[in-house]
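Numbering (the UniProt record's numbering), first residue to last: 1 to 1108.
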């Protein structure tokens, strides 16, 4: 085979050769490894091994383009291990026996940079191998693309206690490396299982190798700026075979200036023995095998059974920590897992619980659902269901009933002085739930998303032309440009499928960017000039303009990875690429990305966070790469449906299977444990964790890992295998449980942690209680953990860790729930709403969670509508305990309750202004006073200060009116017809009944609360004794993907009031007159519809009753 250094077609030849090799060695399994593709050769290895721990920045110089260092678990993050094998090898292959000496330099934990990589790693990359025999050198180069070179290897003292290896490159005069290995007196060869530290160091070698296929045809491939293509193979060290031995040695390694590539600094390195250090030097004698090369996508290293289980301590109880614990615990032969979490529930920010005093209702913070592109989350939860029950079939059956597609998704759009609900286009189809995405790749999916983005723009063009004749002219020309763009992307996707190293849109003709700009700006001019467009058409246009602008940005400045855009704010990047959002406008199609990710402006340093819950927020501070990826995935990357709802509460659906799976797999789940400190030893590359300090909040009678946390009674309409989580702990399982209950100890209130005088310190020792540690607590909890890592004066300090701690910012989320007597059909006219966002701050997101009522235990008739609201405060550093005093959570909670109450109290003011059915569609442009009012029936809507100072209408369609009188059937309770508005002409007076109270309201509601609830009652009351139940909370979260334990941020208080309304005083004559006018118009409309129906169908039907 000829080798053409620097040939222009070298990459094409290498890519073709990669495919040929993959086809040639395509044995069953199509993978790299002896089980998949068979051995090329088997033989015996006798090697002296030394591991050097070097700065990561130095080690990166040993990697070619397209590869990068991956995370690794053995040394501090700013360092990386490199190993050197000074070996004598004998291989028996199909063509004969090879006997030679070799110096192998390996960099473990390397991964492919390309985000499209099906299997990114980890791999071992070998930047240099020196051999003294030509046949293995040529085979390694021409079959594997390994960086082998000929050299002279002199061995002095073999068979004696001290051996020296000297390696000199061919044609060189000075050694590239020298290794001197000395036996330890009294320490001879041992079985691998008997050498404790070998269990750690062997991880460096038990990874597939990766090499440049380009090196097969180009000897200078290492210096190529173009990444890939890559090949994978396995080098199997059979250290557990009978007769294989490990012997700890001491070593001195000298690196000379002639070693290439430059990456290991010249000098002398002293390496301790494996008997004294986890990454110490040793001699290994064992059989080995080399697999045939194959595709990196199918790489799979067949790890041998573990000599002993590693103890892993996982700290944290949210989804991330539980998923980590689950996948470790599934490897029952390798890991012994213990999970430690605060309090008595799992879930972090996803916690939920049942309130036995309120019909076992579900109480939770926030609005939880899985978006359709949460492929990894679906896979993990499905695996938990398979592991958590008696058989995988039972788990799968429960999993299939645990989620259902949400058909009704939309945004609240403010346009023309009014709020309108706009359903998301083409998002109503249901399909099987997402499952495993093992065959999916990130970067390839990005290109496919761009192709789908072009199709979505074309769909928008067609919808706009069909709905408005004035936009039809010229739309064909616009569509022609998009068709050409789509074809170009399709061609690029096809090309990428053949050459997996191209990742961006740079292969598309740059002239298309200018044409796309002309299409976008021309359409914008026409839309701006046409004042007759409906809000929904405006909404479609803003979406099309945004998508076209994303195309323009990616075409003009192609990126390999969207993270390259993260220096920009999302909206700023869009505007820099010509977004047609005018000054003063704030398009909801963009805002929805900010709101979904809780991205708001930074906290005002002049506002006292101890005294003020800041709800004057606006979208801000969202990295453009993150936002663009989210926008594309949310819009185009889902499977089946854009969102999936939980059939039960969030924790019952997701956290209960995690808990049950961990228990069945033998993991210990230790409740009532909070991490308080980390203790380290050593400095620099020798720094390691030696001890973890915890506070045991309570002692469990049956032992720390034997607390039974789930609700014991089987609840009606709930699977008996899938219990939910409780509001309070089971005091009977705790030592001194009565004391905890009587003293009202809140295990989630860090500001009052000092009141728990029975809490005890606990410490876990590395090597005894754990070998590996996973710190899975939320970012907001990290500053509460005492650690020398943040102290610059300490030798074991870590500047990177300190920068992370100092730079952490959190967003405090704000939520409440409402249980209402009327159903959604009685309160909300127009299109059905399931999940929506982009309404007015501070609660822009709404969810109809009425199906959960069926799993609660209300007495008939019970509530018929369950509404969730959620939003967020500003981004910044909220106070940490003990700052702001022990009552800080209660004071902030009270502020939030007051704000919610204010929203409810402003609703009737808007209703009094509505003159007729037409005015029910839109609110007055400028309500009186500084307050902004919310319109629409029911407590599932509220008003709050809004930065844009606009009138608010959260839950009403643009086409709403009194013609939609009959409600949709509810899940339980009365099913008879009811009016959209049942405005009782009597004011109502308030009777407050106490619920569970963490707010310090000793004497019931304040006058302000009573007044606000009284006016809300005028809207909500349908008949005497109607009940509204509310639950408001605050907690902290930094994003939706990372768990947050409430005790590390702020109290997750559980507060509820039951409001019972009875008619009292008469309404004003003006109110009655307006009501009669509304009813008269409704009667007229009903009769008109009835006559039209009779003419059409030849029959008359009785109409539902109208409110009198």
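Note that beta-carbon positions come from the ideal geometry of N, C-alpha and C, so glycine has one too.
Between the alpha carbons of residue 701 and residue 672 lies a distance of about 12 Å. Taking a cut-off of 8 Å on C-beta distances, the segment 840-856 touches the segment 353-366, as three or more cross pairs fall below it. The bridge partners DSSP lists for residue 124 are 209.
Looking at 366, 898 and 346, the one whose alpha-carbon comes closest to that of residue 674 is 346. Here the segment 114-132 does not lie against the segment 190-197, with fewer than 3 beta-carbon pairs under 8 Å apart. Between the C-alpha atoms of residue 710 and residue 726 there is a straight-line separation of about 6 Å. Counting other Cβ atoms within 10 Å of its Cβ, residue 94 stays below 16 and is therefore classed as exposed. Sequence-distant Cβ neighbours of residue 687 in its own chain, meaning closer than 8 Å and more than five residues away, are 76, 680, 681, 796 and 798. At a Cβ-Cβ threshold of 8 Å, residue 316 and residue 666 do not count as neighbours. A residue is called buried once 16 or more other Cβ atoms fall within 10 Å of its Cβ, and residue 71, having fewer, is exposed.
For residue 631, the enclosing alpha helix (DSSP H) starts and ends at 624-636. In the DSSP annotation of this structure, residue 717 is not part of any alpha helix (DSSP H), being labelled neither H nor E. In the DSSP assignment, residue 111 is bridged to 68. In terms of CA proximity to residue 460, 635 leads the group 635, 324, 620 and 91. Using a Cβ distance threshold of 8 Å, residue 696 and residue 760 count as a contacting pair.
For residue 554, the enclosing alpha helix (DSSP H) has its first and last residue at 535-556.
Of the other Cβ atoms in all chains shown, 16 or more fall within 10 Å of the Cβ of residue 881; this residue is therefore buried. CA-to-CA, the gap between residue 407 and residue 642 works out to about 8 Å. When only Cα atoms are considered, residue 457 and residue 600 end up about 28 Å apart. The Cβ atoms of residue 125 and residue 45 lie no closer than 8 Å to each other. Exclusion of the five residues before and after residue 790 leaves 802 and 805 as the residues of its chain whose Cβ lies within less than 6 Å of its Cβ. Just so you know, the alpha carbons of residue 147 and residue 42 end up roughly 21 Å apart. Taking residue 372 as the centre and dropping the five residues before and after it, the same chain places the C-beta of 434, 638, 639, 640, 641, 642, 643 and 644 closer than 7 Å to its C-beta, in chain order. Positions of the beta strand (DSSP E) runs, each at least 3 residues long and wholly inside the segment 369-421, are given as 403-405 and 409-415 in order along the chain. By the criterion of at least three beta-carbon pairs nearer than 8 Å, the segment 370-385 is not in contact with the segment 739-749. Judged by DSSP secondary structure, residue 806 falls within the alpha helix (DSSP H) whose first and last residues are 799-807.
For the set 819, 530 and 766, the Cα lying nearest the Cα of residue 848 is the one of 819. Under the DSSP definition of a beta bridge, residue 700 partners with 734. Counted as a single uninterrupted DSSP element, the stretch harbouring residue 592 is not any beta strand (DSSP E) but the alpha helix (DSSP H) occupying residues 588-596. Exclusion of the five residues before and after residue 84 leaves 50 and 105 as the residues of its chain whose Cβ lies within less than 6 Å of its Cβ. With contacts defined as CB atoms closer than 8 Å, residue 271 and residue 253 qualify as a contacting pair. By DSSP's assignment, residue 602 forms a beta bridge with 875.
At the C-beta level, residue 306 and residue 338 stay beyond 8 Å of one another. Using a C-beta cut-off of 8 Å, the segment 180-194 makes contact with the segment 240-259, since at least three inter-stretch Cβ pairs fall below that distance. Annotation: the segment 164-248 contains the following complete segments of the beta strand (DSSP E) (minimum length 3 residues), in chain order: 177-183, 209-212, 230-233 and 235-237. In the DSSP assignment, the residues bridged to residue 251 are 181 and 271.
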